[in-house]
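**Q** Here it is, the structure in full.
Numbering (the numbering used here), first residue to last: 795 to 1190.
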């Protein structure tokens, strides 16, 4: 049921991409799926769900010892515990706050918010439902990059920089975006040369073992050591192939859009397209980290909201001049579907089901349908199901 609903909503959002009603419906469903997830109540639990819920099982008078390098997130959990809230309340807050930042950022660059959210639902929404800390952190990063366009002078860098540091206090991987802010000052030609050098040098340092040695000397952080201590050999083709697929899809779209000088030349939209292309170049440059652990894709994945805005420009505002440009439009969808299949559908029960199906909202709907479907009235069954729904509502 829920999967059919999502597919229909994605199709409707792409069709009626400027509808405020559809946009609100999309945001409502995203918050419901995100916030009312109940996978933590199941017998077999995805590690990320278990990891966040376990802190709410610690008695209120005991300090939380986790997230030592991410104190802001720890303080957030402690605050919710002091108010006698549970993991569901925390998830609802993160969903509401995060989607508020993302929807504001999308609206600054396009009025086709529903279409952008539709692409986001395909990928990487499921990741965000599971990795709530990363979602909250990168939502702040996206908002900080949005402010990059609002200010001039020193504020253009300083204010986004402050917000990126704050996001790093929630998830330390976000500190990498300080580098992004610095490299955004480079011209695109300079950035291209720098990226090629950094990418190739990074591959050499990893496979020679020098990179891991440097990390071990400068860091005693367990997580950093863990993610940088492994190397992929047989999977390198898949890793590099996926990285290049993401980059070259944006590369092709970018160069097609820039042929329309009136619309995407020296205009606000043109400057934004340049900005997003720079983000992709920087993400490509640090893509060698994927060879250590595929989880480093999140550093690229976190900017996909901006990519999707540019894709929407191409899909709905750019007039294709030849067959090649026409074929590129379905190719955009296919590359997003490929990423969804690669990272989610390959292990449905580990990612998709815990993120989508295990949900108080969908459980309640399924329960109500089963109630209305009974031909023979069983009073005990009705009472049992009513009390179950009542408990779900009370827990939320």
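The C-beta atom is built at its ideal place from N, Cα and C for all residues, glycine as well. Computed from a predicted structure; not experimentally measured.
In or out: residue 868 buried (at least 16 other Cβ within 10 Å) or exposed?
**A** With 16 or more Cβ atoms within 10 Å of its Cβ, residue 868 is classed as buried.
**Q** Please name the residue, chosen from 1076, 977, 1086, 975, that lies closest to residue 1028 on a Cα-to-Cα basis.
**A** Taking only the C-alpha atoms, the option nearest residue 1028 is 1086.
**Q** What does a CB cutoff of less than 6 angstroms around residue 1078 pick up in its chain, not counting 5 residues either side in sequence?
**A** Same-chain partners within the cutoff: 989, 1041.
**Q** Check each candidate in 905, 969, 956 and name the one with the smallest Cα separation from residue 814.
**A** Comparing Cα-Cα distances from residue 814 to each of 905, 969, 956, the minimum goes to 905.
**Q** May I ask you to list the residues that DSSP assigns as paired with residue 741?
**A** What the structure shows of the chain is the stretch from 795 to 1190, and residue 741 is not part of that stretch, so it cannot be assessed.
**Q** So residue 1023 packs on residue 1006, CB below 8 angstroms; how close in whole Å?
**A** About 6 angstroms separates the two Cβ atoms, so the contact holds.
**Q** In the DSSP assignment, find the alpha helix (DSSP H) that holds residue 810 and state where it starts and stops.
**A** No alpha helix (DSSP H) holds residue 810; DSSP gives it neither H nor E.
**Q** Nearest-angstrom Cα distance between residue 1059 and residue 1111?
**A** The straight-line gap from Cα to Cα measures roughly 14 angstroms.
**Q** Beta-carbon within less than 6 angstroms of residue 984's beta-carbon, same chain only, minus the 5 sequence neighbours each way: which residues are those?
**A** Hits under 6 angstroms: none found.
**Q** Under the three-state reduction of DSSP, which class applies to residue 795: helix, strand or coil?
**A** Residue state, collapsed to three classes: coil.
**Q** Give me the Cα-Cα distance between residue 1065 and residue 847, rounded to the nearest whole angstrom.
**A** Going from the Cα of residue 1065 to the Cα of residue 847 covers about 43 angstroms.
**Q** Rounded to whole angstroms, what is the Cα-Cα separation between residue 805 and residue 963?
**A** Those two C-alpha atoms are separated by around 37 angstroms.
**Q** Looking at residue 1044 and residue 911, is the spacing between their C-beta atoms short of 8 angstroms?
**A** Taking 8 angstroms as the Cβ cut-off, residue 911 and residue 1044 do not qualify as a contacting pair.
**Q** Does DSSP put residue 1061 in a helix, a strand or coil?
**A** Coil, per DSSP.
**Q** Which word fits residue 1169, buried or exposed, when buried means at least 16 other C-beta atoms lie within 10 angstroms of its C-beta?
**A** Interpretation of residue 1169 is limited by its pLDDT of 47, a score under 50 that renders its predicted location unreliable; the figure taken from the coordinates is listed afterwards. Flag for residue 1169 reads exposed.
**Q** Within 10 Å of its beta-carbon, does residue 795 have 16 or more other beta-carbons around it, so buried, or fewer, so exposed?
**A** Exposed, since its Cβ has fewer than 16 Cβ neighbours within 10 Å.
**Q** Could you tell me the distance, in whole angstroms, from the CA atom of residue 878 to the CA atom of residue 843?
**A** Straight-line Cα distance between these residues: approximately 19 angstroms.
**Q** By a C-beta neighbour count over all protein chains shown, 10 Å radius and 16 as the cutoff for buried, is residue 952 buried or exposed?
**A** Result: exposed.
**Q** From this set, 1121, 1093, 1137, which residue's C-alpha is nearest residue 974's C-alpha?
**A** Residue 1093 is the option with its Cα nearest to residue 974.
**Q** DSSP three-state label for residue 944, please.
**A** Three-state DSSP puts residue 944 in coil, outside helix and strand.
**Q** Would you decide whether residue 925 is buried or exposed? Buried here means 16 or more other CB atoms lie within 10 Å of its CB.
**A** Its Cβ being crowded by 16 or more others within 10 Å, residue 925 is buried.
**Q** Using alpha carbons as the reference points, say which of 1057, 1082, 1097 lies closest to residue 1072.
**A** Minimum Cα distance to residue 1072 is reached at 1097.
**Q** Mind the definition here: the stretch 920-938 touches the stretch 1119-1133 only if three or more C-beta pairs lie below 8 angstroms; say whether that holds.
**A** With a cut-off of 8 angstroms, the stretch 1119-1133 and the stretch 920-938 do not count as touching, because too few Cβ pairs lie within range.
**Q** Work out the CA separation of residue 882 and residue 1148 for me, nearest whole Å.
**A** Each residue's alpha carbon lies about 14 angstroms from the other.
**Q** Look at the alpha carbon of residue 1021 and the alpha carbon of residue 812, and state the distance between them as a whole number of angstroms.
**A** Going from the Cα of residue 1021 to the Cα of residue 812 covers about 41 angstroms.
**Q** Taking the alpha helix (DSSP H) that residue 1249 belongs to, which residues open and close that run?
**A** Because the chain is modelled from 795 through 1190, residue 1249 falls outside the range shown and cannot be assessed.
**Q** For residue 899, which of 936, 1031, 1122 has the nearest alpha-carbon?
**A** For the residues 936, 1031, 1122, the minimum Cα distance to residue 899 belongs to 936.
**Q** Identify whether residue 862 lies in helix, strand or coil by the three-state DSSP scheme.
**A** Three-state DSSP puts residue 862 in coil, outside helix and strand.
**Q** Flag this pair as yes or no: are the beta carbons of residue 1191 and residue 827 separated by less than 8 angstroms?
**A** The question about residue 1191 has no answer here: the residues shown for the chain are numbered 795 through 1190.
**Q** Can you tell me whether residue 864 is buried or exposed, with buried defined as 16 or more other CB within 10 angstroms of its CB?
**A** Result: buried.
**Q** Do we get a CB-CB distance below 8 angstroms when we pair residue 1081 with the residues of chain B?
**A** Among the chains of the structure shown, chain B does not appear; only one protein chain is present.
**Q** Just reading off the alpha helix (DSSP H) that residue 899 is part of, what are its end residues?
**A** 881-901 is the extent of the alpha helix (DSSP H) around residue 899.
**Q** In three-state DSSP terms, what is residue 978?
**A** Note: residue 978 maps to coil in three-state DSSP.
**Q** Measure the CB-CB distance between residue 1139 and residue 1146 and report whether it falls below 8 angstroms.
**A** It is a contact, given that the beta carbons lie within the stated cut-off.
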